[in-house]
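See structure below.
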Amino acid sequence: MGYSREINGVVHEFGVSGKLIMNALVMYDRETESLWSQFLSQSVRGELTGTKLDIVPLTLTTWDKWKETHPETVALRKGRRGGDPYVGYYAGRSAGVIGESNRDDRLETKDLVLGLGFDSDPVAFPHSELRTEQLIQLSHAGVPTVVYFDPETDTALAYGAEIDGHSLDFELVEEDGREWLRDSQTGSLWVPFTGQALRGEFAGSALERVHAVNVFWFAWNDFYPETDIWGAG
2 MGYSREINGV VHEFGVSGKL IMNALVMYDR ETESLWSQFL SQSVRGELTG
52 TKLDIVPLTL TTWDKWKETH PETVALRKGR RGGDPYVGYY AGRSAGVIGE
102 SNRDDRLETK DLVLGLGFDS DPVAFPHSEL RTEQLIQLSH AGVPTVVYFD
152 PETDTALAYG AEIDGHSLDF ELVEEDGREW LRDSQTGSLW VPFTGQALRG
202 EFAGSALERV HAVNVFWFAW NDFYPETDIW GAG
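Position one of the sequence shown corresponds to residue 2 (this note's numbering), numbered consecutively onward.
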């Protein structure tokens, strides 16, 4: 998740506090030293308690795919070079540093899920289910929503399936050697990784990203123990 750093007209600078809430990062702002839950996107202690940050949608994908979609990207590399130092952690069974707060065996501890519904109706979309069903249309909290998954890069994204008050239905198609989302209402073609329409009646329009996060099952379930699981019988 990314956040806007402007709060009540003041730009705040954030750092890592070294604390955890149910294994999730806790930030602090240097202006008031308030503590902020990365997962809840709000301050949990200090002068700004209860203040929420504006969400900036991010895409968790491979560097190659990101460069393919956004060829003008430049990146800052800091620290060590080489492989991912967390490979061993990903492969292990441990649930973070302090363990699970709410044990739930409906999925394996470190199954990756796309979590949707931070304010109401939480639902987890297991990546294992999304690999089979790459495109899911649903109404979430009364909002037409589409979930897209790319199995080659393990990328899961959620969009509002609505433009100018009109709900859209999508299907995955291939044209000119690339994958598109095509709406059945106008036949416009949309880029799955950006939600932008490049061809057809809606060319120039863009679907709005829905606040969703790719996260380990144990982390999502700790914060949202009442969550539904997409595809669970």
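Ideal Cβ placement from N, Cα and C applies to all residues, glycine included.
List the residues that DSSP assigns as beta-bridge partners of residue i.
{"i": "HIS141", "result": "VAL144"}
{"i": "GLN197", "result": "ALA207"}
{"i": "ASN215", "result": "LEU115"}
{"i": "HIS13", "result": "HIS13 pairs with nothing; no bridge assigned."}
{"i": "LEU21", "result": "LEU26"}
{"i": "ASP151", "result": "THR156"}
{"i": "SER44", "result": "TRP37"}
{"i": "SER168", "result": "GLU163"}
Are the beta-carbon atoms of residue i and residue j separated by less than 8 angstroms?
{"i": "SER206", "j": "ILE164", "result": "yes"}
{"i": "LEU117", "j": "ALA213", "result": "yes"}
{"i": "GLY51", "j": "GLU34", "result": "no"}
{"i": "ARG179", "j": "PHE171", "result": "no"}
{"i": "ARG107", "j": "ALA220", "result": "no"}
When DSSP labels each residue in this structure, what does residue i get in the three-state scheme?
{"i": "GLU227", "result": "coil"}
{"i": "THR156", "result": "strand"}
{"i": "LEU49", "result": "coil"}
{"i": "HIS128", "result": "helix"}
{"i": "GLU175", "result": "strand"}
{"i": "ASP120", "result": "coil"}
Below 8 angstroms on the Cβ atoms is my contact criterion, and I expect residue i with residue j to pass it. Report the Cβ-Cβ distance as a whole number of Å.
{"i": "VAL147", "j": "GLN138", "result": "5 angstroms"}
{"i": "THR156", "j": "THR60", "result": "7 angstroms"}
{"i": "GLY161", "j": "LEU208", "result": "6 angstroms"}
Within its chain, find whatever has a CB closer than 7 angstroms to the CB of residue i; leave out the 5 residues flanking it on each side and keep chain order.
{"i": "GLY201", "result": "THR187, GLY188, SER189 and LEU190"}
Tell me which same chain residues have a C-beta within less than 6 angstroms of the C-beta of residue i, skipping the five on either side of it?
{"i": "GLY196", "result": "TYR160, ALA207 and LEU208"}
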